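Chains A and L are the protein sequences, given in the same order. Note that my numbering gives residue 269 to position 223 of the first sequence, counting from 1, and the numbers run on in steps of one. Note that my numbering gives residue 174 to position 119 of the second sequence, counting from 1, and the numbers run on in steps of one. Take a look at the structure set out below.
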Amino acid sequence: MAPTGAGKTLAGFLPSLVALAERRPQTLKPKGLHTLYVSPLKALAVDIARNLDAPIAEMDLPVRVETRTGDTPAHKRTRQISRPPDILLTTPEQLALLIAHREAAEFFSGLRCVVLDELHALVTSKRGDLLSLAMARLHRLSPGLAAVGLSATVREPDELRKYLVPQNQPLPPPSAGEGTLRSRGGEGQRDDSGESAGLHTGRISSGSRAPLSRPGLTAGPPSPAEGGERGAPPMADLVTVAGGAKADLRMLDLGRALPISGHTAWHSMPAIYALIKEHRTTLVFVNTRLQAEYTFRELWRLNEDALPIAIHHGSLDAQQRRRVEAAMAAGQLRAIVCTATLDLGIDWGDVDLVVNVGAPKGASRIMQRIGRANHRMDEPSKAYLVPGNRFEMLECQAALNAVEEAAQDTPDARLGALDVLAQHVLGMACADAFDPLDFYDEIVSAAPYADLTWESFEQVVDYVATGGYALRAYERFAKILRGPDGLWRVRDARTAQAYRMNVGTIVEAARVRVRLGRTLRGKPGTVLPKSGRVLGEIEDEFAETLTVGDTFLFAGETLRFEGLAEDECLVTRAPPDTDPAIPSYAGSKFPLSTSLAARVRALIADPFEWDRLPEQIGAYLQQQRRRSVLPGERDLLVETFPRGKRHYLTAFPFEGRLAHQTLGMLLTRRLERDGLRPLGFAANDYGIAIWTTRDVAERAALDPDFIGDLFAVDMLGDDLEAWLDESAMMKRTFRQCAVIAGLIERHHPGQKKSGRQVTISTDLIYDVLRKHQPDHLLLRAARQDAATGLLDVRRLGMMLERIQGRIIHRSLDRVSPLSVSVMLEIGRERVYGEGADEILAEAEAELLQEALS
Amino acid sequence: MAAGLRLEKTSKHPTLQLAGETLVLDLCGGLWLPDHRTLIVSDLHLEKGSSYAVRSGQFLPPYDTRETLACLHEAVIRHDPARVVALGDSFHDARGPERMEPGDRAMVAALQDGRDWVWIAGNHDAAVSEGVGGRYADALTLGGLLLRHEPSPGAAPGEIAGHLHPCGKVAMRGRAVRRRCFVTDGSRLVMPAFGAYAGGLNVRDKAIEGLFPKGFNAHLLGDGRVFAIGRAQLARD
């Protein structure tokens with residue numbers, strides 16, 4: 047009955063449809079909302095509404111399905127509240143707004159079922175925290191609610207199972223049929239939508255106390271799941287759907303040597319183009335927007351057959367993205383070069399090949415990307431991994447091994463963020479007065495907040511009320527007030543309105559529009575007919591570093607920066623065949639997953655494994671073994687060597703670029719203090735290189751403990767604190783927390799920026815707050831983010847623990863094969879560890895030069 | 056390089072000559088006139104944080120006033136001036152003094168003790184209420200210098216003003232550094248904002264460039280010292 051691509055959707059909805067159909071005879075009173083569907087993507091909600099309409103019409107069911115997104119017009123929203131549909135499809139942000147509505151209790155009172163789609167993707171971010179709090183409220187508003195999560199296979203399904211049901215509940219009275227939790231992994235029937243061959247699609251449904259039947263795909267009677275064993279956290283039932291044919295996944299082997307560094311995979315472009323020609327429709331996944339731009343340009347250079355090849359990434363103009371998606375759905379494209387923006391989304395149907403260019407970064411990511419191809423069960427999904435350099439070759443092999451073993455490496459469950467909680471507390475005060483004790487119980491029923499202490503909760507409430515400052519400056523402006531009845535209420539309608547404007551956890555980096563200006567140089571636009579149109583947006587931070595005349599790749603073209611005007615970045619087309627001068631702009635960069643990193647270390651450590659690798663990589667490792675040493679699986683290799691007038695130290699922790707950048711900053715500080723005069727450092731996913739004026743090897747020869755002390759765990763003490771004071775990454779992290787928690791107003795797209803001298807900079811706020819109240823709630827929230835986010839401090843800490851006593855130092859007279867890879871990052875990446883004063887001094891020197899000449 | 060501009064040796068707090076007077080550009084963002092034993096600071100914007108609570112219900116950390124006063128205190132200790140001139144926009148709004156915490160108020164009083172303290176009127180605080188000590192003036196003449204809040208249009212030799220919150224940006228090798236700065240062409244000077252929450256306007260903006268038709272140098276407040284940067288090295292936003 048279900049068309050291809052709608053099977054999974056329908057599975058989630060079947061119980062609701064059955065219940066709604068059965069309800070028909072007895073409906074005399076007005077119907078309320080029965081089922082809520084939440085998707086991470088607005089487009090997905092709309093798409094699924096369309097897919098649901100067909101079977102409902104065919105079966106002639108009296109069921110009304112509607113969507114509610116940011117695009118829903120005001121009159122329809124109002125009507126949806128007064129006359130709710132049976133099934134509502136929406137996003138986490140819209141759900142947050144709904145539960146903060148004054149009518150929320152009434153609106154959700156009849157809710158029987160919630161379906162959370164792509165749950166694996168939602169729970170890894172602050173959106174997942176926000177959604178978990180909304181779920182806690184829904185469970186309270188309609189006890190007995192059944193929650194169904196639809197997810198790709200994950201490493202720890204239990205975390206998702208906890209997410210769906212209330213935690214920290216008083217033990218329920220023993221009821222008939224209560225038993226231990228049962229996992230029925232692997233027993234489920236095949237799903238004809240089949241995520242893809244070789245993949246397991248988890249169907250996770252709650253132990254429902256509602257008289258709902260199981261999702262139609264499952265055999266057997268419902269298994270009760272409330273409570274669970276005494277002491278064990280309650281969890282939802284797990285239904286695993288076995289996949290179809292195994293994926294046909296290989297590494298693209300060109301049979302010739304790959305470069306040691308670089309991520310563009312330029313050498314593989316002809317092969318990728320040939321693959322595109324051989325297949326109906328190909329998705330070419332890349333890791334960064336820069337890579338997307340580069341790959342797109344190179345493929346078009348080769349595109350003698352003028353195949354319709356498109357590009358899709360988050361910075362492009364939304365209308366252009368919609369056009370690409372529509373063309374894809376209509377089967378008009380042969381290939382799309384895309385970033386993670388298409389990791390989730392509408393099922394394309396006709397994709398028969400997935401190509402992943404560059405490092406895989408994580409096994410689960412790769413498996414989910416492969417799953418974008420071929421939704422037929424009888425044909426294997428076909429996919430190629432295309433390494434850009436020799437290290438990526440190792441990483442690709444590690445990923446192949448992981449996929450072979452179906453080893454997942456999805457991230458750990460999150461600890462609920464405090465800034466998100468602050469937003470939620472204000473929202474709930476907007477909905478209704480709250481009793482702090484009851485509200486606390488509700489919050490700790492959400493899995494991410496299960497361990498929240500009462501003290502932290504009180505601090506959040508205090509923050510929402512008056513800012514949470516030791517200096518009680520804002521008592522008379524309090525946003526929420528505690529009445530004589532002990533209940534907290536929102537101050538006024540203006541505060542509630544401010545909440546609604548601020549809802550959500552996605553804080554876009556400040557961006558400027560890129561507008562194509564008219565140009566007198568070169569040929570007038572031949573590819574695109576009109577000039578003056580908006581190509582997309584780039585981050586403020588990137589635009590800041592551009593000077594007039596700089597060229598960069600964007601929207602498939604090389605553009606020349608002409609200046610910033612009216613908050614827009616004005617560009618012209620660079621003459622044909624101009625090579626972009628500015629190498630990179632901020633784009634999504636995923637760190638190498640911990641488990642894939644461990645697999646790469648194991649591959650390197652075990653020569654017997656090298657047989658599985660392309661020949662050239664084995665030779666490369668042999669050479670490293672001859673010239674230096676290959677570290678064991680748990681070891682850290684540190685090499686020192688002179689080059690030019692400088693001394694270099696390289697280290698290979700394999701913990702991802704973010705953790706390495708933090709490590710680089712901290713090591714630089716230590717070397718500075720030890721008088722070795724570090725000049726800078728560079729990092730990639732595998733290691734770091736630091737260069738110094740003085741000889742580190744000489745110092746290490748005098749003091750055998752020197753290298754060990756350099757990497758001692760106490761690095762994460764005072765040095766980290768001192769660095770956090772000034773880290774731009776930390777300031778950016780703080781800004782996101784400040785926006786989410788409502789400390790500063792969100793910048794809305796299209797809203798005109800006010801002049802720089804009147805806006806208030808979060809950097810200044812951060813500096814002042816750190817100095818005067820270092821334990822403030824928002825600083826705590828920013829630190830919690832820093833542990834796993836841009837600074838990856840937690841992973842760095844785990845690495846430092848791992849390598850204690852296991853550091854192998856080799857003092858070499860020249861650079862080793864392994865070290866070459868990270869040395870090549872120098873000059874390509876920004877140089878870290880270079881203070882503002884060095885840059886100012888250089889600019890000053892130019893003035894002095896001018897004065898003397 | 057602007058005509059009539061002499062560059063001294065680099066130093067933490069460099070010295071300039073303007074209208075025959077010696078000016079020390081203090082790293083804290085203040086201007087020290089040793090011959091007059093006078094310290095000038097501009098655009099303190101005290102109680103800017105609390106003004107947001109009144110206006111838009113945003114609760115910014117209410118510590119900007121004490122932070123600004125602490126920096127001022129540090130400069131006062133170092134120079135022990137006979138006179139302190141606050142060059143306008145000392146409070147973010149006219150009701151700022153009423154919102155000041157008692158501790159901050161006491162700090163202002165301590166700073167004023169034994170000194171001639173002049174509040175120059177600014178556009179934000181033209182109508183500042185009484186009760187914060189010191190004396191009030193629209194402008195002040197010191198030797199060959201005229202101190203006023205808003206720079207006057209056209210040539211103004213010897214004028215020292217604030218109001219514009221100048222910032223200079225240096226972009227190099229994929230990194231941009233943006234800092235508060237003094238701007239001068241050797242004839243007139245615009246001071247950086249001193250307040251902890253005060254924002255900044257790029258010196259390449261028309262409002263600032265227009266004051267210096269023959270070009271200018273910016274003196275950027277670095278981490279360890281003040282840096283003289285030529286107009287050619289200063290990037291637009």
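Note that CB positions come from ideal geometry on N, CA and C, so glycine has one too. All values derive from a computational prediction rather than experimental measurement.
Separation of residue j from residue i, as counted between CA atoms
{"i": "residue 328/A", "j": "residue 350/A", "result": "17 Å"}
{"i": "residue 60/A", "j": "residue 67/A", "result": "10 Å"}
{"i": "residue 116/L", "j": "residue 144/L", "result": "20 Å"}
{"i": "residue 506/A", "j": "residue 464/A", "result": "7 Å"}
{"i": "residue 219/L", "j": "residue 744/A", "result": "53 Å"}
{"i": "residue 138/L", "j": "residue 94/L", "result": "6 Å"}
{"i": "residue 513/A", "j": "residue 499/A", "result": "19 Å"}
{"i": "residue 130/L", "j": "residue 546/A", "result": "45 Å"}
{"i": "residue 826/A", "j": "residue 488/A", "result": "23 Å"}
{"i": "residue 693/A", "j": "residue 385/A", "result": "38 Å"}
{"i": "residue 705/A", "j": "residue 637/A", "result": "9 Å"}
{"i": "residue 404/A", "j": "residue 815/A", "result": "41 Å"}
{"i": "residue 291/L", "j": "residue 356/A", "result": "35 Å"}
{"i": "residue 234/L", "j": "residue 275/L", "result": "6 Å"}
{"i": "residue 437/A", "j": "residue 885/A", "result": "33 Å"}
{"i": "residue 747/A", "j": "residue 104/L", "result": "55 Å"}
{"i": "residue 756/A", "j": "residue 166/A", "result": "39 Å"}
{"i": "residue 810/A", "j": "residue 325/A", "result": "54 Å"}
{"i": "residue 136/A", "j": "residue 84/A", "result": "5 Å"}
{"i": "residue 64/A", "j": "residue 477/A", "result": "32 Å"}
{"i": "residue 155/L", "j": "residue 516/A", "result": "15 Å"}
{"i": "residue 695/A", "j": "residue 171/A", "result": "36 Å"}
{"i": "residue 434/A", "j": "residue 443/A", "result": "13 Å"}
Residue i, buried or exposed, once every other Cβ within 10 Å from all chains shown has been counted against 16
{"i": "residue 594/A", "result": "exposed"}
{"i": "residue 105/A", "result": "exposed"}
{"i": "residue 361/A", "result": "buried"}
{"i": "residue 312/A", "result": "exposed"}
{"i": "residue 175/L", "result": "buried"}
{"i": "residue 607/A", "result": "buried"}
{"i": "residue 785/A", "result": "buried"}
{"i": "residue 542/A", "result": "buried"}
Under 7 Å between C-beta atoms of residue i and residue j
{"i": "residue 215/A", "j": "residue 496/A", "result": "no"}
{"i": "residue 860/A", "j": "residue 598/A", "result": "no"}
{"i": "residue 427/A", "j": "residue 685/A", "result": "no"}
{"i": "residue 80/L", "j": "residue 146/L", "result": "no"}
{"i": "residue 278/A", "j": "residue 298/A", "result": "no"}
{"i": "residue 74/L", "j": "residue 199/L", "result": "yes"}
{"i": "residue 223/L", "j": "residue 289/L", "result": "yes"}
{"i": "residue 217/L", "j": "residue 119/L", "result": "no"}
{"i": "residue 78/A", "j": "residue 161/A", "result": "no"}
{"i": "residue 282/A", "j": "residue 207/A", "result": "yes"}
{"i": "residue 761/A", "j": "residue 837/A", "result": "no"}
{"i": "residue 175/A", "j": "residue 560/A", "result": "no"}
{"i": "residue 383/A", "j": "residue 341/A", "result": "yes"}
{"i": "residue 250/L", "j": "residue 70/L", "result": "no"}
According to DSSP, residues forming a beta bridge with residue i
{"i": "residue 480/A", "result": "534/A"}
{"i": "residue 164/L", "result": "Beta-bridge pairing links residue 164/L to no other residue."}
{"i": "residue 76/L", "result": "73/L"}
Using a beta-carbon distance cut-off of less than 8 Å, what residues from the stretch 527-544 of chain A approach chain L? The residues in question are 540, 541, 544.
Can you list, in chain order, the residues of the stretch 98-109 of chain L whose Cβ is nearer than 7 Å to any Cβ on chain A? Residues of the stretch 98-109 of chain L that bring their beta carbon within less than 7 Å of a beta carbon in chain A comprise 105, 108, in sequence order.
Residues of the stretch 814-829 of chain A with Cβ closer than 8 Å to any Cβ of chain L, in chain order: Going along the stretch 814-829 of chain A in chain order, one finds 814, 815, 817, 818, 819, 822 with a Cβ nearer than 8 Å to chain L.
Contacting positions in the stretch 273-287 of chain L - beta carbon closer than 7 Å to chain A: Taking 7 Å as the Cβ-Cβ cut-off against chain A, the residues of the stretch 273-287 of chain L that qualify are 275, 277, 278, 279, 282, 283, 284, 285.
In the stretch 882-898 of chain A, which residues sit with their C-beta less than 9 Å from some C-beta in chain L, listed in chain order? Within the stretch 882-898 of chain A, 882, 883, 885, 886, 887, 888, 889, 890, 892, 893, 894, 896, 897 place their CB atoms closer than 9 Å to a CB of chain L, listed in sequence order.
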